[in-house]
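Each residue of the sequence shown is one higher than the last, beginning at 131 in our numbering. Backbone N, C-alpha and C fix where the C-beta goes; we use that ideal spot for every residue, glycine too.
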Amino acid sequence: MGSLAAAVNPLRLSALPAARVGGVLRSEASAAVSVRRNVNVQTTSDAGKLKGLDDLPGPSVATTLYWLFVKGYTNKSHLLQGVQKNLYGPIWRSRFGSLDIVNVATPELIAQVIQQEGRYPVRTELLHWKEYRDLRGQAYGLHVDTGPEWHRIRSGLNPKMLKLQEVMAYAPIIHQVVGDLLQRIELLRSRSQDQATVSNLAAELYKFGFEGISAILFETRLGCLQEEIPKDTVRFIAAVNDMLTTSDLVMLFPRWSRSILPYWKRFVQAWDDLYDVAQTLINRRMAEIKAQARSGESAEGMYLTSLLSSDKLTIKEVYITVTEVLLGGVDTTSNTLSWTLYHLARDPGAQDRLYKEVNSVCPDRREPTTDDLSQMPYLKAVIKEILRLYPVVPGNGRLVSENEVVVDNYRFPKKTLFHLCHYAVCHDQAQFVDAERFMPERWLRPGAAEDGCHRPSPSFYKHHPYSFIPFGVGVRACVGKRVAEMEMYFALSRLMQHYEVQPEDGTPTVQPKTRILLIPSKPINLRFLPRA
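The structure is reproduced here in structure tokens:
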């Protein structure tokens, strides 16, 4: 589940939430750490040989506008990463309005940027978020605060999100939400003309993602998967969508335009609604805890109870930070599962292999446990391959604020904004054989296959650790990674237990588009056929 990684795309010009999920051939975290220790960055003795920011190649503003509005890359800026890399090389500069961005599009260069990001790395400055917080007198929270204050907040969030033993406690509530998803799919199937098709699957999986993360963060069920969704929940979901959409636009247009264009007012209203609903839910839980204390009971709960019971965050910080974690905890689950089912429906061999693995570990539709997941390498490989093909956010930002930075043979001043082009790197043939193909086996260990399936030669599996970092790395890595993994693994395994998934007859190919996140360009409609 991503924390809100600031995704700064040089053409989409977005600064918003990012991504989640993991488990590699080897531990990506340890592999990345080893790379960080061995990155070759030029020293100050080479200063005379280094070029500067103005020496970087890159498109003019006119060229950028041409690509966006004439060539039609407005909703395909993820593809533009590769186009620009081919034109300008692996490192180039993009300028548009007030934004001045250095793009890096190889894993080696991404590693160099991250290796120098400092103790308190910043994804990007969300100045319009900060302005809203100041307007309403709210705490800054996880994505506006910087430096030691950011580190203090992040340290308060980590234990119940990143420690495996702690996260395992969320399994029962996730299974409850998955059970509701299965009932919802069964209802939609029964209402379809062919008694099998679920239309616009991504919308249903979005509700699942929203319900799942809310159940953990707020310790209450919001009813997203019910036939009649409660009004406050509808308001909450609408506010999330509106805030993310308008945040992009507020950042793009100059401040003087706010009295003319409606985006700032919509942005403020969306945040007001978000904060109001979140505050109501948190206050309700606080009242329950106080009532338990008065009656001599201990406060039993999960994530929110832990935050409220500790003194690591103020109540204002709890209000805003829990809301921010929610924002980063929906789209990764919903988008990744949508693309996963889309590809499995078109690859019967992969789907059959996955079903056999799940059924062998959990026969007779037994609900998987967290221990069972360790025996399902192909399940994890499928999710990893989807995150490679469709990184939830095509690129992440890094604002290196503590020191000058040397990347490749260029020296950059403090406050340089880097764009890490994850989509281009994940689709690089030099890193991944047949990079455009859905091939989950690339994430399995080489050697003899116990399931009897052929596995490629060891060279097939080799790639740079920084060519695939869907959850980021280091202290800024996604706080919700383990929760996101559990949600997706449980949902996908149980869907496979119950259904064979097929494409709707005559369905065209669905391509991704960039709308801050990488999402399907059209509805995904799939047929869910009950397994015997």
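Can you check whether the CB of Pro570 is closer than 8 Å to the CB of Val512?
Taking a C-beta distance under 8 Å as the contact criterion, Val512 and Pro570 qualify as a contact pair.
Beta strand (DSSP E) runs wholly inside the stretch 504-552, at least 3 long, in chain order
Runs of the beta strand (DSSP E) lying entirely within the stretch 504-552, each at least 3 residues long, are 526-530, 535-537, 540-542, 546-550 in chain order.
Tell me, please, which residues DSSP counts as bridged to Phe348.
Phe348 pairs with nothing; no bridge assigned.
Under 8 Å by Cβ, that's how I've got Tyr540 and Lys181 pegged, so tell me the actual separation to the nearest angstrom.
Rounded, the Cβ-Cβ distance is 5 Å, consistent with contact.
In this structure, does DSSP put Thr444 in helix, strand or coil?
Here Thr444 sits in coil by DSSP.
Entirely enclosed alpha helix (DSSP H) segments - the stretch 465-509, minimum 4 residues
Along the stretch 465-509, the alpha helix (DSSP H) occurs as fully enclosed runs of 4 or more residues at 478-491, 500-503, listed in sequence order.
Hey, Arg351 and Val407 are a contact pair by Cβ (cut 8 Å); roughly how many whole angstroms apart?
Going by Cβ atoms, the distance from Arg351 to Val407 rounds to 14 Å, so no, they are not a contact pair.
Selected residue, minimal CA-CA separation from Glu454, among Leu659, Cys551, Phe348
Closest by alpha carbon: Phe348.
Can you tell me the Cβ-Cβ gap for Lys643 and Lys201, rounded? I've got them flagged as a contact below 8 Å.
Their Cβ separation, rounded to whole angstroms, is 15 Å, which puts Lys643 and Lys201 out of contact at 8 Å.
In this structure, what does DSSP give as the bridge partners for Trp222?
Residue pairing of Trp222 in beta bridges, as defined by DSSP: Asn233.
In angstroms, rounded to a whole number, what distance separates the CA positions of Glu615 and Lys510?
Their backbone Cα atoms lie some 9 Å apart in a straight line.
Whether His552 touches Pro521 by CB criterion (8 Å):
In contact: His552 and Pro521 (Cβ atoms closer than 8 Å).
Could you please give the first and the last residue of the uninterrupted beta strand (DSSP E) stretch that includes Pro650?
Run containing Pro650: 647-650, per the beta strand (DSSP E) assignment.
For Ser490, is the classification buried or exposed, using 16 other Cβ atoms within 10 angstroms of its Cβ as the cut-off for buried?
With fewer than 16 other CB atoms across the displayed protein chains lying within 10 angstroms of its CB, Ser490 is exposed.
In the structure shown, what three-state DSSP assignment does Leu379 receive?
Leu379: helix per DSSP, three-state reduction.
Would you identify the three-state DSSP class for Val307, choosing helix, strand or coil?
Three-state DSSP puts Val307 in a helix.
To the nearest whole angstrom, what separates the beta carbons of Phe548 and Val243, a pair I think is in contact under 8 Å?
Your pair Phe548 and Val243 checks out as a contact, with CB atoms roughly 5 Å apart and the cut at 8 Å.
Suppose contacts are defined by Cβ-Cβ distances below 8 Å. Is Val370 in contact with Tyr262 by that definition?
No, the pair does not count as a contact, with Cβ atoms beyond the cut-off.
Following the continuous alpha helix (DSSP H) through Val191, name the residue where it begins and the one where it ends.
Looking at the DSSP string, the run of the alpha helix (DSSP H) that includes Val191 is 191-199.
Assigned exposure category for Ala621 - 16 Cβ within 10 Å defines buried:
So Ala621 counts as buried.
Are the beta-carbon atoms of Gly212 and Ala565 separated by less than 8 Å?
Using a Cβ distance threshold of 8 Å, Gly212 and Ala565 do not count as a contacting pair.
Only counting the same chain, and skipping five residues up and downstream in sequence, which positions put a Cβ closer than 8 Å to that of Arg319?
For Arg319, where only same-chain residues beyond five positions count, the Cβ hits under 8 Å are Gln325, Ala326, Thr327, Val328, Phe658.
Can you name the start and end residues of the alpha helix (DSSP H) that Phe397 belongs to?
Note, Phe397: alpha helix (DSSP H), 393-424.
How would you label Asn413, buried or exposed, when you count the other beta carbons within 10 angstroms and need 16 or more for buried?
Exposed, by the Cβ-count rule.
If contacts are defined as beta-carbon pairs under 8 Å, then Ser667 and Ile654 qualify, I think. What distance do you get, rounded to the angstrom?
No statement about residue 667 is possible, as the shown extent of the chain runs from 131 to 662 and does not include it.
Arg572: first and last residue of the uninterrupted beta strand (DSSP E) it sits in
Going by DSSP, Arg572 is part of no beta strand (DSSP E) at all; its letter is neither H nor E.
Run the CB neighbour count on Pro196, radius 10 Å, all protein chains shown included, and call it buried at 16 or more, exposed below.
Sequence check: residue 196 is Tyr here, not Pro. Under this definition Tyr196 is an exposed residue.
Using only the alpha-carbon positions, how far apart do Pro256 and Ile419 sit?
Residue 256 is actually Leu in this sequence, not Pro. For Leu256 and Ile419, the gap between their C-alpha atoms comes out near 34 Å.
Does the stretch 299-318 come close enough to the stretch 268-288 that 3 or more CB-CB pairs lie under 8 Å?
With a cut-off of 8 Å, the stretch 299-318 and the stretch 268-288 do not count as touching, because too few Cβ pairs lie within range.
Does the structure place the stretch 626-641 close enough to the stretch 594-608 that three or more beta carbon pairs sit under 8 Å?
Between the stretch 594-608 and the stretch 626-641, the count of Cβ pairs shorter than 8 Å is below three; the stretches do not touch.
Pull up the distance between the alpha-carbon of Trp394 and that of Ser377, whole angstroms please.
Rounded to the nearest whole angstrom, the C-alpha separation of Trp394 and Ser377 is 8 Å.
Once you ignore the five residues that flank Lys337 on each side, which residues in its own chain have a CB closer than 6 Å to its CB?
For Lys337, same chain residues with a beta-carbon under 6 Å away, outside a window of 5 residues either side, are Cys354, Leu355 in chain order.
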